[in-house]
Amino acid sequence: MLPYVLAGSLALGAAAPALAHGVPVGDANDTASALDLSSVVMGHTRRAYTGKIVTFDPFESSILAADGDVYLDLDLAGTKKFDYYVWVDQNATGTTTAKVFKVGRARSLGKAKLTRPNTKTISVSIPKSLVKRTKRAVGFGARTRWQQPADAYGESTLLTDKTSRGTHRF
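Using our numbering, read the sequence shown as starting at -12 and increasing by one per residue.
This is how it looks when you write it as structure tokens:
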């Protein structure tokens, strides 16, 4: 009976899309921010690079409209410097988007697919057609920016967080 079970699970695995994920890069619970990063992980499919950003606390996408930003940074050239980034933001109509940029250019290269699997997680899928990879490994990291609501004295603090750099090998 065991060979049939094993053969069946191998057949199911072969039908699944090719998806590889690297080792998550963790971050300490170190910022009193609604967007305090817990981890980031990079992966890929045949047609896209995938990134998953997780925060310690749940947050509503609406805080991205005026108070916060989330970024996924990518080093696709193997230079140890990030050359692309994905900016997750919410526009005036309430739509949360993920736009892909080349560092140093103001105009977006296009959109990445964005999902919110739960209230702590943002997942993005960046079409490989938007970016150029020249090495067998992708460097990655995540960063956030959150403007704390004003206190009774009208004081507000800008809080930022950043993960360490990770590497995803192909």
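For glycine and all other residues, C-beta sits at the position ideal for the given N, C-alpha and C.
(request) Inspect the beta-carbon positions of residue 150 and residue 137 and report whether they are closer than 7 Å. (result) no
(request) Inspect the CB distances between the region 34 to 44 and the region 104 to 119 and report whether three or more fall short of 8 Å. (result) yes
(message) Any contact between the region 74 to 82 and the region 43 to 54? By contact I mean 3 or more CB pairs, one from each, below 8 Å.
(response) yes
(message) Let's test the definition: count the other Cβ atoms within 10 Å of the Cβ of residue 145 and tell me whether it reaches 16, buried, or not, exposed.
(response) exposed
(request) Decide if the region 19 to 28 is in contact with the region 112 to 119; the criterion is three or more beta carbon pairs, one per stretch, under 8 Å apart. (result) no
(request) Report yes if the C-beta distance between residue 109 and residue 73 is below 7 Å; otherwise report no. (result) no
(request) Verify whether the separation of the beta carbon atoms of residue 9 and residue 155 is less than 7 Å. (result) yes
(request) Can you check DSSP and say which residues form a bridge with residue 14? (result) DSSP output for residue 14 lists no bridge partner at all.
(message) Within 10 Å of its beta-carbon, does residue 69 have 16 or more other beta-carbons around it, so buried, or fewer, so exposed?
(response) buried
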